[in-house]
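*Asks:* When the letters of the sequence shown are read in order and numbered with numbering that gives the first Met the number 0, they come out as residues 0 to 109.
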Amino acid sequence: MNPCLIHFDGCYLYSELSVELMSELLSDIVTRYESFFTFSEPSYPEGQASLLFHVLKEGYGFCACHKAIGIETINLGSTLITSSNDTSDQWKEERVGRLLANAFSRTINT
Numbered sequence: 000m001n002p003c004l005i006h007f008d009g010c011y012l013y014s015e016l017s018v019e020l021m022s023e024l025l026s027d028i029v030t031r032y033e034s035f036f037t038f039s040e041p042s043y044p045e046g047q048a049s050l051l052f053h054v055l056k057e058g059y060g061f062c063a064c065h066k067a068i069g070i071e072t073i074n075l076g077s078t079l080i081t082s083s084n085d086t087s088d089q090w091k092e093e094r095v096g097r098l099l100a101n102a103f104s105r106t107i108n109t
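1. I think L12 touches L4, with their Cβ atoms under 8 Å apart; what is that distance to the nearest whole Å?
2. On a Cα-Cα basis, can you pick out the residue from I107, N74, T37 and Q89 that is closest to Y59?
3. Tell me whether T72 sits in a helix, a strand or coil according to DSSP, three-state version.
4. Spatial neighbours of T30 within its chain, please: CB distance less than 6 Å, with the 5 preceding and 5 following residues excluded, ordered by chain position.
5. Do the CB positions of Y32 and L75 come within less than 7 Å of each other?
6. Taking buried to mean at least 16 other C-beta atoms within 10 Å of its own C-beta, is F7 buried or exposed?
7. Nearest CA to the CA of A63: which residue from G69, F52 and E71?
8. If you count every other CB in all the chains shown that lies within 10 Å of the CB of S104, and 16 or more means buried, which is it?
9. Provide the residue(s) that pair with A63 in DSSP beta bridges, ordered along the chain.
10. Identify whether F38 lies in helix, strand or coil by the three-state DSSP scheme.
11. Along the chain, where does the alpha helix (DSSP H) containing I112 start, and where does it finish?
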């Protein structure tokens with residue numbers, strides 16, 4: 000499996016996951032977050048990329064790193080991640096759920 004980097008706003012996170020698996024994980028995060036919005040359209044007050052980067056770093060514990068030559072990179076700032084039809088238990092993580100719920104709570108009454 001080839002590792003990949005996640006890039007956002009000049010910062011990088013290192014992942015042992017392949018680009019394909021990371022794309023699945025990102026889509027799963029978006030699906031879980033957007034599932035909170037049952038009565039309105041999903042919103043990302045700080046932007047989708049910012050939320051995803053925060054969840055990967057704080058929720059899944061991906062480590063910050065410097066850009067490495069030859070490693071595929073997903074640029075969250077220029078990639079729109081779409082939700083999937085369903086979530087996967089493979090990516091289920093309690094801390095991530097709490098981070099997503101916290102992000103959702105900040106959208107209420109705004």
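Don't be surprised by glycine CBs; every beta carbon is placed ideally from N, CA and C. In this text the structure is predicted, and so the values were computed from the model without any measurement.
*Replies:* A quick look at the data gives this:
1. Numbered from its first residue, the sequence shown carries residue 12 at position 13. Numbered from its first residue, the sequence shown carries residue 4 at position 5. Indeed they touch by this definition, with Cβ atoms about 7 Å apart.
2. On the sequence shown, residue 59 is found 60 positions in, with the first residue counted as 1. Taking only the C-alpha atoms, the option nearest Y59 is Q89.
3. The residue given as residue 72 occupies position 73 in the sequence shown. T72 falls in the strand class under three-state DSSP.
4. As a first step, residue 30 is located in the sequence shown; it is residue number 31 there, counting from the start. Counting only Cβ-Cβ distances below 6 Å, and skipping sequence neighbours, we find S82, S83 and T86.
5. Here residue 32 refers to the residue found at position 33 of the sequence shown. Here residue 75 refers to the residue found at position 76 of the sequence shown. Their beta carbons are not under 7 Å apart, which means Y32 does not touch L75 by this criterion.
6. Mapped onto the sequence shown, residue 7 falls at position 8. F7 should be labelled buried.
7. Numbered from its first residue, the sequence shown carries residue 63 at position 64. Cα-wise, what sits closest to A63 is F52.
8. Start at 1 with the first residue of the sequence shown, and residue 104 comes out as number 105. Result: exposed.
9. To locate residue 63, count along the sequence shown from 1; it is residue 64. In the DSSP output, where bridge partners are listed per residue, A63 has L12.
10. As a working mapping, residue 38 is identified with position 39 in the sequence shown. Three-state DSSP puts F38 in coil, outside helix and strand.
11. Any question about residue 112 goes unanswered here, given that the chain covers just 0 to 109.
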